[in-house]
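Following: one structure in structure tokens, then a few remarks.
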Amino acid sequence: MKIKKLTLREKSILAGLYLSKFNTEGLKFLGFDNFTEAFNVIGLALGVQPASVKNYRDEFDPLFPNERQGWHKREIRKYCKDIYDTFHALNLVNFSSLLKDIIYKDHDLDVLMEEIAKREGEKESSFAKRLITGQAAEQYFKDNFLSVDIFKGYNLEDTTKVGCGFDFKLIAEEKERYFGVEVKGLNESSGNIALTNKEHAVADFLKNRYFLFVVKNFKEKPFHQNYQDPIKNLSFNKIENKVVQISWNTAV
43 MKIKKLTLRE
53 KSILAGLYLS
63 KFNTEGLKFL
73 GFDNFTEAFN
83 VIGLALGVQP
93 ASVKNYRDEF
103 DPLFPNERQG
113 WHKREIRKYC
123 KDIYDTFHAL
133 NLVNFSSLLK
143 DIIYKDHDLD
153 VLMEEIAKRE
163 GEKESSFAKR
173 LITGQAAEQY
183 FKDNFLSVDI
193 FKGYNLEDTT
203 KVGCGFDFKL
213 IAEEKERYFG
223 VEVKGLNESS
233 GNIALTNKEH
243 AVADFLKNRY
253 FLFVVKNFKE
263 KPFHQNYQDP
273 IKNLSFNKIE
283 NKVVQISWNT
293 AV
């Protein structure tokens, strides 16, 4: 079975198989603190319900030596057994690589950035943390932005790759001005959020047309808080870091 032909359901099943087979060792390897966090983050990153990932883990639990019984009172479903037969022999490193392949939106670039960040000693470089602060939080926003009163009637334009100081542009035909929304994610129900210098400058320029949408509490049950004109309504501390810029040159 080629990875590129996997359906969304098959990807969810694979995630469940991974979590059942490798249990807490798999959580630690990917950077998750607990199973609930893994269900939430992987589910949102894939665009499925977190409960689906949990159910697929439980489906495979009777086949592995862990403390959970799972769905032990019935035979494993055929489409789950097919995934098991194809992938269960993978070791931790190879299965983790496969999981990143099917979950990361831009796999090659995301894996590259993860590896570079690890080499440079960045704390937020794990697979789990990268999804929380990026892909999973962004998918949560896509799924829930219309529940925010001020966003009702707006259409969504993804600007995450544009580098314009916000992740999403909200536009409506009957309104002349757009909204810029920067999405951030937190594992806990509270914490610190950092804006880049560009994000801060754009937020200051757009003022009440700029929103900081923070998805919180991935480790239990995600919820969001939406901050309009964050430069005015939140207190930011300016942190200046001296960076040693290294370049490499050669004669050609």
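Using the numbering used here, you'd call the opening residue of the sequence shown number 43 and step up by one each time. Backbone N, C-alpha and C fix where the C-beta goes; we use that ideal spot for every residue, glycine too. Keep in mind the model is a prediction, meaning the values are calculated, not measured.
key: For glycine 222, the nearest candidate out of Lys142, Lys240, Val285 and Asn229 (CA to CA)   = Within the sequence shown, residue 222 is the residue found at index 180, counting from 1. For glycine 222, the closest alpha carbon among the candidates Lys142, Lys240, Val285 and Asn229 is that of Lys240.
query = Across which residues does DSSP place histidine 266 in a beta bridge pair?
reply = In the sequence shown, counting from the first residue as 1, residue 266 sits at position 224. Val257.
key: phenylalanine 210: first and last residue of the uninterrupted beta strand (DSSP E) it sits in   = As a working mapping, residue 210 is identified with position 168 in the sequence shown. Segment 210-213, the beta strand (DSSP E) holding phenylalanine 210.
request  = Look at leucine 228 and lysine 203 and say whether their C-beta atoms are less than 8 Å apart.
outcome  = Position 186 of the sequence shown, counting from 1, holds the residue named residue 228. Position 161 of the sequence shown, counting from 1, holds the residue named residue 203. Not in contact: leucine 228 and lysine 203 (Cβ atoms no closer than 8 Å).
request  = Determine the direct distance from the alpha carbon of alanine 131 to that of asparagine 234, and round the result to whole angstroms.
outcome  = Counting from one through the sequence shown, the residue named residue 234 turns up at place 192. Counting from one through the sequence shown, the residue named residue 131 turns up at place 89. In a straight line, the C-alpha of asparagine 234 is about 41 Å away from that of alanine 131.
ask   = Can you tell me the Cα-Cα spacing of glutamate 230 and tyrosine 269, whole angstroms?
value = Within the sequence shown, residue 230 is the residue found at index 188, counting from 1. Within the sequence shown, residue 269 is the residue found at index 227, counting from 1. Rounded to the nearest angstrom, the two C-alpha atoms are 18 Å apart.
query = Could you check where the alpha helix (DSSP H) with leucine 61 kicks off and where it finishes?
reply = In the sequence shown, residue 61 corresponds to position 19, counting from 1. Counting along the chain, the alpha helix (DSSP H) containing leucine 61 begins and ends at 50-72.
inquiry  = So, does the stretch 244-264 touch the stretch 82-90, judging by three or more C-beta pairs under 8 Å?
reply    = Counting Cβ pairs under 8 Å, three or more are found: they touch.
key: Three-state secondary structure assigned by DSSP to glutamate 224   = Sequence index remark: in the sequence shown, residue 224 carries index 182 (1-based). When DSSP states are grouped into helix, strand and coil, glutamate 224 belongs to the strand group.
ask   = With a Cβ-Cβ cutoff of 8 Å, do asparagine 250 and aspartate 271 count as a contact?
value = Within the sequence shown, the letter at position 208 stands for residue 250. Within the sequence shown, the letter at position 229 stands for residue 271. In this structure, aspartate 271 lies closer than 8 Å to asparagine 250 by Cβ.
ask   = From which residue to which residue does the alpha helix (DSSP H) around aspartate 148 run?
value = For the purposes of this step, residue 148 is identified with residue 106 of the sequence shown, where counting begins at 1. Membership of aspartate 148 in any alpha helix (DSSP H) is not indicated, and neither H nor E is assigned to it by DSSP.
Cβ separation of leucine 59 and tyrosine 126, assumed to be a contact under 8 Å, to the nearest whole Å = Position 17 of the sequence shown, counting from 1, holds the residue named residue 59. Position 84 of the sequence shown, counting from 1, holds the residue named residue 126. That pair is a contact at about 6 Å.
task = Tell whether a beta-carbon distance below 8 Å holds between alanine 80 and phenylalanine 74.
result = One-based indexing of the sequence shown puts residue 80 at position 38. One-based indexing of the sequence shown puts residue 74 at position 32. Going by C-beta atoms, alanine 80 is nearer than 8 Å to phenylalanine 74.
ask   = Going by Cα to Cα distance, which pick from Tyr98, His242, Lys284 and Val190 is closest to glycine 205?
value = For the purposes of this step, residue 205 is taken as the residue at position 163 of the sequence shown. That would be His242, whose Cα lies nearest to the Cα of glycine 205.
ask   = For isoleucine 294, does the count of other Cβ atoms within 10 angstroms reach 16, so buried, or fall short, so exposed?
value = Residue 294 sits at position 252 when you count from the first residue of the sequence shown. The question names isoleucine, but residue 294 is valine in the sequence shown. When all chains shown are included, valine 294 counts as exposed.
task = Determine the DSSP secondary structure at leucine 237, reduced to helix, strand or coil.
result = The residue labelled residue 237 in the question sits at position 195 within the sequence shown. Residue state, collapsed to three classes: coil.
key: Separation of glutamate 156 from threonine 128, as counted between CA atoms   = Position 86 of the sequence shown holds residue 128. Position 114 of the sequence shown holds residue 156. Each residue's alpha carbon lies about 27 Å from the other.
query = For isoleucine 144 versus leucine 48, is the C-beta distance shorter than 8 Å?
reply = Taking the first residue of the sequence shown as 1, we reach residue 144 at position 102. Taking the first residue of the sequence shown as 1, we reach residue 48 at position 6. Note that the C-beta distance between isoleucine 144 and leucine 48 is below 8 Å.
task = Return the CA-CA distance between glutamate 199 and lysine 115, expressed in angstroms with no decimal places.
result = Here residue 199 refers to the residue found at position 157 when the sequence shown is read from its first residue. Here residue 115 refers to the residue found at position 73 when the sequence shown is read from its first residue. Distance between the alpha carbons of glutamate 199 and lysine 115: 47 Å.
message = Tell me the rounded alpha-carbon separation between aspartate 103 and alanine 57.
response = As a first step, residue 103 must be located in the sequence shown, where it is residue number 61. As a first step, residue 57 must be located in the sequence shown, where it is residue number 15. For the pair aspartate 103 and alanine 57, the Cα-to-Cα distance works out to about 13 Å.
request  = Give me the Cα-Cα distance between lysine 123 and glutamate 101, rounded to the nearest whole angstrom.
outcome  = Looking up residue 123 in the sequence shown gives position 81. Looking up residue 101 in the sequence shown gives position 59. Our two residues, lysine 123 and glutamate 101, have alpha carbons roughly 10 Å apart in a direct line.
key: Through-space distance from arginine 110 to histidine 266, alpha-carbon basis   = The residue given as residue 266 occupies position 224 in the sequence shown. The residue given as residue 110 occupies position 68 in the sequence shown. Straight-line spacing of the CA atoms in histidine 266 and arginine 110 works out to 32 Å.
inquiry  = Is cysteine 206 a contact residue of the ligand MN, with contact defined as CB to any heavy atom under 7 Å?
reply    = Looking at this structure, you won't find the ligand MN or any other ligand, since it has none at all.
query = For asparagine 250, does the three-state DSSP call read helix, strand or coil?
reply = The sequence position of residue 250 within the sequence shown is 208, counting from 1. Here asparagine 250 sits in helix by DSSP.
message = Check for me: the alpha helix (DSSP H) holding glutamate 79 runs from which residue to which?
response = For this step, residue 79 is matched to residue 37 along the sequence shown. In the DSSP assignment, glutamate 79 falls within the unbroken alpha helix (DSSP H) covering 77-88.
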